[in-house]
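Step one of this worksheet: look at the structure below.
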Amino acid sequence: MTLDTLGDATARGAVSLRHLTKSFTLNGQPLPVLRNLSLDIRGGESLAIVGPSGCGKTTLLRLLAGLESADGGQVLIDGAPVTGVGTERAVIYQEPRLLPWLTVLENVAFGLEVRGLPRGAARDRARRHVRLVGLSDFETAYPRQLSGGMAQRVGIARALAVQPEILLLDEPLGALDAMTKLTMQEELARIWHEEKVTMILVTHDLEEAIFLADRVLVLSADGTPPAVIPVDLPRPRDRNTGDFVRMRR
Ligand code: ADP
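The sequence shown runs 1 to 249 under the UniProt record's numbering.
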């Protein structure tokens, strides 16, 4: 089946799923998880993926990340088929898994240095992203000195520092307390707007999906075809500036 297309699928960070099929094996029997899923996500769009536990949300995100391979079909990024991982995509998990022996700044710079950026340039870019997530005062702190929300902010800075076109988030706020979660939802909305990335977010939280996404992809666990629901609600306002948090681009 082909789900509807919204906007411009040719902008940077556009993702096309073409007839994606994926099964696992359970007790010797095939367990179909994704059945012929086709969907176009435009560059800069924010898409939330929701559905009951076990419906295939994480599997779809892993396919998009290139961490899992499909049985059939293709993932295209900016029109080109992708198979493995690539720097145009960054993944953020529920736990940021920071390196405990490195400071905040070093954690963010680490991935850049591994990719060959000279130390000074890596630190400069890391500093900009640490500032973006509001942690400039904590550049020299170690992960053990951070709260859960702060650690997740570092994880977001680390992902953004590689300047991906597409941010893939798997329950990124799932481990945080309710208040921190609300703050972080606003942070994510602001970052998504400022960084002009495509955001694909797996969440259990329907309110979060509606707050953050342009469209919500609803998967089912029983083989019912997925649905895509556009979100068209009044935008919440930033509590500091009074601006609408989610501005359309
Ligand atoms: P969700 O993220 O929606 O909870 P998942 O994508 O994690 O769902 O899993 C979808 C289904 O695929 C589940 O039934 C799960 O048990 C199964 N599954 C996921 N990964 C594997 C795997 N590596 N091997 C076997 N079964 C798997």
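Yeah, the Cβ is synthetic: ideal placement off N, Cα and C, and Gly gets one too.
Inset, instruction - Can you tell me which of the three DSSP states S147 falls into? - result: In the structure shown, S147 sits in coil (DSSP, three-state: anything other than H, G, I, E or B).
Legend entry - CB of L173 within 8 Å of CB of G56, strictly: Contact annotation: L173 and G56 have beta-carbon atoms that are not nearer than 8 Å.
Inset, instruction - Return yes when the C-beta of G56 is under 7 Å from any heavy atom of the ligand ADP, and no when it is not. - result: Yes, the Cβ of G56 comes within 7 Å of a heavy atom of the ligand ADP.
Legend entry - Expected contact under 8 Å - CB spacing of H129 and L160 to nearest Å: With 8 Å as the limit, H129 and L160 qualify as a contact, their Cβ atoms being about 5 Å apart.
Legend entry - For R18 and D78, the rounded distance between their alpha carbons: Spanning the two alpha carbons is a distance of roughly 13 Å.
Inset, instruction - Note down the Cα distance separating T59 from L99, rounded to an integer number of angstroms. - result: So the alpha carbons of these two residues sit roughly 26 Å apart.
Inset, instruction - Just grab the DSSP bridge partners of P225 for me. - result: In the DSSP assignment, P225 forms no beta bridge with any residue.
Inset, instruction - Check each candidate in A227, T140, L112 and name the one with the smallest Cα separation from G51. - result: With distances taken between Cα atoms, G51 lies closest to A227.
Inset, instruction - Measure the Cβ-Cβ separation of M199 and L176 and say whether it is below 8 Å. - result: Between M199 and L176, the CB-CB gap reaches or exceeds 8 Å.
Legend entry - Beta-carbon spacing of I49, V154 below 8 Å: Contact flag unset, no.
Inset, instruction - Give the DSSP-derived three-state secondary structure of N27 in the structure shown. - result: Of the three classes helix, strand and coil, the one that applies to N27 here is coil, per DSSP.
Legend entry - Euclidean distance between Cα positions of V33 and H204: For V33 and H204, the distance between alpha carbons rounds to 18 Å.
Inset, instruction - Check R119 in the structure and name its three-state DSSP category. - result: Three-state DSSP puts R119 in a helix.
Legend entry - Simplified DSSP assignment, three categories, for M1: For M1, the predicted model reports a pLDDT of 38, less than 50, meaning its position is unreliable and no value from the coordinates is stated.
Inset, instruction - Please state whether DSSP places residue 252 in a helix, a strand or coil. - result: Past the boundaries of the shown model lies residue 252; the chain is included only from 1 to 249, so the question cannot be answered.
Legend entry - Heavy atom of the ligand ADP within 7 Å of S69 beta-carbon: Incorrect: S69 has no Cβ contact closer than 7 Å to the ligand ADP.
Legend entry - For T198, the residue or residues it bridges with in DSSP: In the DSSP secondary-structure assignment, T198 is bridged to I166.
Inset, instruction - Name the residue from D40, R35, R42 whose alpha carbon lies nearest to the alpha carbon of A70. - result: Residue R35 is the option with its Cα nearest to A70.
Inset, instruction - Confirm, please, whether the CB-CB distance from L146 to A126 is below 8 Å. - result: In terms of Cβ geometry, A126 and L146 do not form a close pair [threshold 8 Å].
Inset, instruction - Give every residue of the same chain whose Cβ lies closer than 8 Å to the Cβ of A65, excluding the five residues on either side of it in the sequence, and list them in chain order. - result: If we look at A65 and ignore the five residues flanking it on each side, its Cβ neighbours are V85, R89, V91, L168.
Inset, instruction - Give the straight-line distance between the Cα atoms of L188 and R12, rounded to the nearest whole angstrom. - result: Between L188 and R12, the C-alpha separation is close to 20 Å.
Legend entry - Reduced DSSP secondary structure (H/G/I, E/B, other) of D40: In the structure shown, D40 sits in a strand (DSSP, three-state: E or B).
Inset, instruction - Can you have a look at N27 and say buried or exposed, based on whether 16 or more other CB atoms are within 10 angstroms of its CB? - result: Exposed is the label assigned to N27, since fewer than 16 other Cβ atoms lie within 10 Å of its Cβ.
Inset, instruction - Tell me whether D8 sits in a helix, a strand or coil according to DSSP, three-state version. - result: Interpretation of D8 is limited by its pLDDT of 46, a score under 50 that renders its predicted location unreliable; no figure is taken from the coordinates.
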